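Undergrad: Shown below is the structure under consideration.
Okay, structure coming up:
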(Lines of atoms letter the chains of each structure in order from A and count residues from 1; the text may use other names and numbers.)
(Lines give C-alpha, C1' and ligand atoms only; values in the text may rest on other atoms or scores of the structure.)
Protein backbone atom coordinates (compact mmCIF):
# COMPACT_ATOMS: atom_id res chain seq x y z
CA UNK A 1 0.00 0.00 0.00
CA UNK A 2 1.44 3.38 -1.02
CA UNK A 3 1.70 6.01 1.70
CA UNK A 4 0.03 9.37 1.10
CA UNK A 5 2.28 12.46 0.91
CA UNK A 6 0.77 14.02 4.08
CA UNK A 7 1.50 12.84 7.63
CA UNK A 8 -0.90 10.10 8.68
CA UNK A 9 -1.02 6.71 10.29
CA UNK A 10 -2.48 3.73 8.47
CA UNK A 11 -4.01 0.85 10.37
CA UNK A 12 -5.27 -2.31 8.77
CA UNK A 13 -8.69 -3.21 10.14
CA UNK A 14 -9.00 -6.88 10.90
CA UNK A 15 -12.64 -7.12 11.97
CA UNK A 16 -12.32 -6.46 15.70
CA UNK A 17 -15.10 -4.67 17.59
CA UNK A 18 -14.58 -0.96 18.07
CA UNK A 19 -16.38 0.99 20.77
CA UNK A 20 -17.46 4.59 20.23
CA UNK A 21 -18.81 7.01 22.78
CA UNK A 22 -22.56 7.47 22.41
CA UNK A 23 -22.31 11.27 22.36
CA UNK A 24 -20.10 11.06 19.24
CA UNK A 25 -22.80 9.34 17.19
CA UNK A 26 -26.11 9.93 19.01
CA UNK A 27 -26.91 13.38 17.62
CA UNK A 28 -26.37 13.62 13.88
CA UNK A 29 -27.03 17.07 12.50
CA UNK A 30 -27.04 18.80 9.16
CA UNK A 31 -25.98 22.36 8.50
CA UNK A 32 -28.21 24.39 6.22
CA UNK A 33 -27.89 27.80 4.64
CA UNK A 34 -30.15 30.53 5.97
CA UNK A 35 -32.74 31.35 3.29
CA UNK A 36 -32.88 35.07 4.22
CA UNK A 37 -29.10 35.48 4.31
CA UNK A 38 -28.69 33.66 1.01
CA UNK A 39 -31.28 35.89 -0.70
CA UNK A 40 -29.63 38.99 0.80
CA UNK A 41 -26.18 37.91 -0.39
CA UNK A 42 -27.32 37.03 -3.92
CA UNK A 43 -29.27 40.30 -4.20
CA UNK A 44 -26.30 42.33 -2.98
CA UNK A 45 -23.94 40.68 -5.44
CA UNK A 46 -26.41 41.24 -8.31
CA UNK A 47 -26.81 44.94 -7.45
CA UNK A 48 -23.04 45.40 -7.07
CA UNK A 49 -22.46 43.72 -10.44
CA UNK A 50 -25.14 45.89 -12.06
CA UNK A 51 -23.59 49.07 -10.64
CA UNK A 52 -20.13 47.95 -11.78
CA UNK A 53 -21.36 47.33 -15.33
CA UNK A 54 -23.31 50.61 -15.44
CA UNK A 55 -20.40 52.69 -14.11
CA UNK A 56 -17.98 51.19 -16.62
CA UNK A 57 -20.46 51.45 -19.53
CA UNK A 58 -19.60 47.85 -20.45
CA UNK A 59 -22.68 47.32 -22.62
CA UNK A 60 -22.71 50.74 -24.27
CA UNK A 61 -25.92 51.78 -22.54
CA UNK A 62 -24.62 55.11 -21.28
CA UNK A 63 -24.97 57.00 -24.57
CA UNK A 64 -22.24 58.83 -26.46
CA UNK A 65 -19.53 60.63 -24.57
CA UNK A 66 -19.74 64.30 -25.63
CA UNK A 67 -16.83 66.69 -25.53
CA UNK A 68 -17.28 69.55 -23.08
CA UNK A 69 -18.30 72.87 -24.62
CA UNK A 70 -15.85 75.68 -25.27
CA UNK A 71 -15.45 78.71 -23.03
CA UNK A 72 -15.95 81.37 -25.73
CA UNK A 73 -18.46 84.21 -25.66
CA UNK A 74 -22.11 83.44 -26.47
CA UNK A 75 -23.42 84.15 -29.98
CA UNK A 76 -25.08 87.53 -30.50
CA UNK A 77 -28.59 86.97 -31.74
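Residue numbers (the numbering used here): 5 to 81. Don't be surprised by glycine CBs; every beta carbon is placed ideally from N, CA and C. Keep in mind that this is a model prediction, so the values were computed, not measured.
Would DSSP call residue 54 helix, strand or coil?
TA: The answer is helix: DSSP assigns residue 54 an H, G or I state.
Undergrad: Return helix, strand or coil for residue 48, following the three-state DSSP convention.
TA: Three-state result, residue 48: helix.
Undergrad: In whole angstroms, what separates the C-alpha of residue 21 from that of residue 33?
TA: Going by the C-alpha atoms only, they are around 25 angstroms apart.
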